[in-house]
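Residue numbers for the sequence shown follow this note's numbering, so the first one is 5 and each next one is one higher.
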Amino acid sequence: MMNKMVLANLVHRPIRSLISIVAIALEVTLILLIVGLCYGIMNDNKNRTSGIGFDVIVQPPGSTFFAGISGAPVSVKIADVLRGMPHVKVASPVVWQIATGGGVELIDGIDLPSFEAVGGPFQYVKGGPFQGPTDVLVDDFIAAQKRVKVGDTMEILNQQFRICGIVENGRGARKFVPMATMQDLIGAKDKASVFYLKLDDPANTDAVVAAVTKQPGMEKYSVLSMQQYLSMMTPSHLPGFRPFIGVVIGVSLVIGFLVIFQAMYTAVMERTREIGILKSMGASKFYIVNVVLRETVLLALTGIVVGIAVSMLARVGIQHRWPLVHIDSSTDWMLRATLVAIVGATVGALYPAYKAAQKDPIDALAYE
């Protein structure tokens, strides 16, 4: 009987109920899309870094996961030192450079033979390797989003490059230019940003890491195994990641609270006489509170279902329109968004429920 009454109350005021459902759905969608986007970008970078195939990464002194990502601060001749160490088969110097034209992206300046020796040859979808100093390799995602093909030109760092090949994605950056060309463009002749090492056996990783850090002049270099480097690509190592997610959840919680508070408070005021009738028939305070909270939970659950459905459709649409944008879908975060929405809605309904339970039946019956 109570459930029928709850449903009838919501259907009797369809516009208000619909607004509440949309607000809860917006709250859930906001959480799932923004969190999914943040984790998607982080995990995509992690997967592409893993795809390079190195065993050990060597970065200049003071480098962190972010530091040293732009520019080339150390001599490329360090690669020769690294190649001479026991168990090191390949040492590939790479120049990392951030480009901001049309969006922030990382461009890799590579020595193609040594880079391919680290992780295996590029898998060419079309075209082939560099033929000249102003050639560029792009991955298939870039080619699809930019709608470019082999032979087209592309501006990188204010320089026109010819697309000589389209490669499968998943090998570090999405654009690769000859290392010497990158060095000239950023004014870092014979310099490099990072060195990827391929070993004769991954089991020798710890020995190589120790040997590099003991090499005279390289004591302060950042030397990490691939597993150690990838382990840094987590929310706890990304500055501002967790606070940002916390702000998103906080804003969503406030949205749910305010909308439900307004909707249920107005509903209680409008149904003062109805509440008086229920109390005159023996309904307890708990019964009245229960009615209001059940209405709230039903609105919240409907909004949650709608929000999850909208977020999944939006995810498909966004990734179809922008192939480079990765949005992770996580059951764990769906449960968290559900909890946030229910908590926000319930807290928002507590005061209206309390006001309804406190109404005097005689005054309520006389209310016009």
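Yeah, the Cβ is synthetic: ideal placement off N, Cα and C, and Gly gets one too.
- When secondary structure is reduced to three states using DSSP, Glu299 falls in the helix class.
- Around the beta-carbon of Tyr291, fewer than 16 other beta-carbon atoms lie within 10 Å, marking it exposed.
- The Cβ neighbour count for Lys179, taken over all protein chains shown within 10 Å, is at least 16; the residue is labelled buried.
- Closest by C-alpha distance to Leu339, out of Val351, Thr33, His324 and Gly176, is Thr33.
- Taking Val347 as reference, the option from Asp332, Thr335, Val263 and Glu109 with the minimal CA-CA separation is Val263.
- With a beta-carbon spacing of about 17 Å, Ile102 and Val142 fall beyond the 8 Å limit used to define contacts.
- Straight-line spacing of the CA atoms in Pro206 and Thr238 works out to 23 Å.
- Residue environment analysis places His330 among the buried positions, since at least 16 neighbouring C-beta atoms fall within 10 angstroms of its C-beta.
- In this structure the stretch 49-59 lies against the stretch 174-188, because at least three pairs of beta carbons, one per stretch, are closer than 8 Å.
- Taking 8 Å as the cut-off, the Cβ atoms of Ile167 and Ile111 do not count as close.
- Inter-residue distance for Gln135 and Leu86 is about 28 Å (C-alpha atoms, whole angstroms).
- Pro77 has no beta-bridge partner at all, per DSSP.
- Rounded to the nearest whole angstrom, the CA to CA distance from Val227 to Pro182 is 25 Å.
- As DSSP reads the structure, Ala95 sits in a beta bridge with Leu201.
- Under a 10 Å Cβ-count criterion, Gln187 is classified as buried, with 16 or more other Cβ atoms of the shown protein chains found around its own Cβ.
- By the Cβ criterion, the stretch 293-311 is in contact with the stretch 23-33, since at least three pairs of Cβ atoms, one from each stretch, lie closer than 8 Å.
- Counted as a single uninterrupted DSSP element, the stretch harbouring Pro133 is not any beta strand (DSSP E), since DSSP gives it neither H nor E.
- Between Gly40 and Arg319, the C-beta gap is smaller than 8 Å, which places the two residues in contact.
- The three-state reading of DSSP puts Leu234 in helix, counting H, G and I together.
- Secondary-structure assignment with DSSP links Glu159 through a beta bridge to Gln164.
- Per DSSP, the unbroken alpha helix (DSSP H) holding Gly40 starts and ends at Pro18 to Ser54.
- With a 10 Å radius around the Cβ and a threshold of 16 neighbouring Cβ atoms, Thr209 comes out buried.
- When the beta-carbon positions are compared, Val99 and Phe199 stay at least 8 Å from each other.
- In this structure, Gly307 lies near Ala345, with their beta-carbon atoms less than 8 Å apart.
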